[in-house]
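Counting from 555, one number per residue, gives the positions in the sequence shown under this note's numbering.
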Amino acid sequence: DGLSVPTPAQGNGVLATGAGPATYIAVGEFLPAQRNLISGHVDHGVVVSTSNVEVLGNLIGTDVTGLAALGNGRRGVFLSSNGAAIDIVIGDGQPETRNIIGGNGADGIGLQCAPPSPDLCFDGTIIWGNYIGVGVDATTPLPNANGVHVIDMTYGGIEIGGLSPAIGNKIYFNSGAGVLSSAFAVA
């Protein structure tokens, strides 16, 4: 996928930022050799703040087996935007592109528009077919604080799972909510 993941204990793992709308960024892919182990970072495993990013087939917050926690300090995947990030794919409903996201200190996946932006914030984003809070075997608990946390999303169209069983996420064993929507905290 052309990305290198810094050694654990660094701030964030993979940063997909500022590339622009004409760029495509892949964090992982279909083949095992194209997937990533993104775990043990102080902050977030993957940070996305640009458009046209795919996060596919990775172990995020787990060890190499996908059955034990090696969590990132905050979120496994963090989408943060001022409204410019659209068309992001986190899993696409195929078993070989399923992300295993567990053991993270905060949310498995967090989406935040800050400041809240009208119209496009994460428009066209899909979160399909992932295991969030559960290991690669679909039974081993690997809790995050929350499974998916949507923060201050007034606008934009995102899909978290869907009607087809193939695109449904398995969101189990998280300490808090499976899917949580909340307002942006103002200090």
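Beta carbons are placed, not taken as given, at the ideal position from N, Cα and C, and that holds for glycine.
This one's a predicted model, so the numbers in the text were calculated from it and none came from an experiment.
For W682 and T577, I'd like the C-alpha separation in whole angstroms. Translated into positions along the sequence shown, residue 682 becomes position 128. Translated into positions along the sequence shown, residue 577 becomes position 23. Answer to the nearest angstrom: the Cα atoms are 22 Å apart.
Boundaries of the beta strand (DSSP E) in which S729 is found, first to last residue: In the sequence shown, counting from the first residue as 1, residue 729 sits at position 175. That residue, S729, is in no beta strand (DSSP E); it is neither H nor E in DSSP.
How would you call P649, buried or exposed, if buried means at least 16 neighbouring beta carbons within 10 angstroms? Taking the first residue of the sequence shown as position 1, residue 649 is located at position 95. A residue is called buried when at least 16 other Cβ atoms come within 10 angstroms of its Cβ; P649 does not meet this threshold and is exposed.
Whole-angstrom distance between G678 and I721, CA atom to CA atom: For the purposes of this step, residue 721 is identified with residue 167 of the sequence shown, where counting begins at 1. For the purposes of this step, residue 678 is identified with residue 124 of the sequence shown, where counting begins at 1. So the two alpha carbons sit approximately 15 Å from each other.
For N684, count neighbouring C-beta atoms within 10 Å of its own C-beta (all shown protein chains included) and say buried if the count is 16 or more, exposed if not. For the purposes of this step, residue 684 is taken as residue 130 along the sequence shown, with counting starting at 1. Buried, by the Cβ-count rule.
Outcome for A570 when other beta-carbon atoms lying within 10 angstroms are tallied against a minimum of 16: Sequence index remark: in the sequence shown, residue 570 carries index 16 (1-based). Buried, because 16 or more other Cβ atoms sit within 10 Å of the Cβ of A570.
For D691, count neighbouring Cβ atoms within 10 angstroms of its own Cβ and tell me buried if that reaches 16, exposed if not. Within the sequence shown, residue 691 is the residue found at index 137, counting from 1. Exposed, since its Cβ has fewer than 16 Cβ neighbours within 10 Å.
Kindly indicate which three-state DSSP category T616 falls into: helix, strand or coil? Working through the sequence shown from its first residue, we reach residue 616 at position 62. Strand at T616.
From what residue to what residue does the beta strand (DSSP E) around A580 run? Here residue 580 refers to the residue found at position 26 of the sequence shown. Note, A580: beta strand (DSSP E), 579 to 581.
Given a threshold of 16 other Cβ atoms within 10 Å of its Cβ, counted over all protein chains shown, does A737 qualify as buried or as exposed? Stepping through the sequence shown from its first residue, residue 737 is reached at position 183. The residue in question, A737, is exposed, as its Cβ has fewer than 16 Cβ neighbours within 10 Å.
Could you check where the beta strand (DSSP E) with T679 kicks off and where it finishes? Sequence index remark: in the sequence shown, residue 679 carries index 125 (1-based). Per DSSP, T679 belongs to the beta strand (DSSP E) from 679 to 682.
What's the C-alpha gap between L610 and G730? As a position in the sequence shown, residue 610 is number 56, starting the count at 1. As a position in the sequence shown, residue 730 is number 176, starting the count at 1. If I take the Cα positions, the gap works out to 25 Å.
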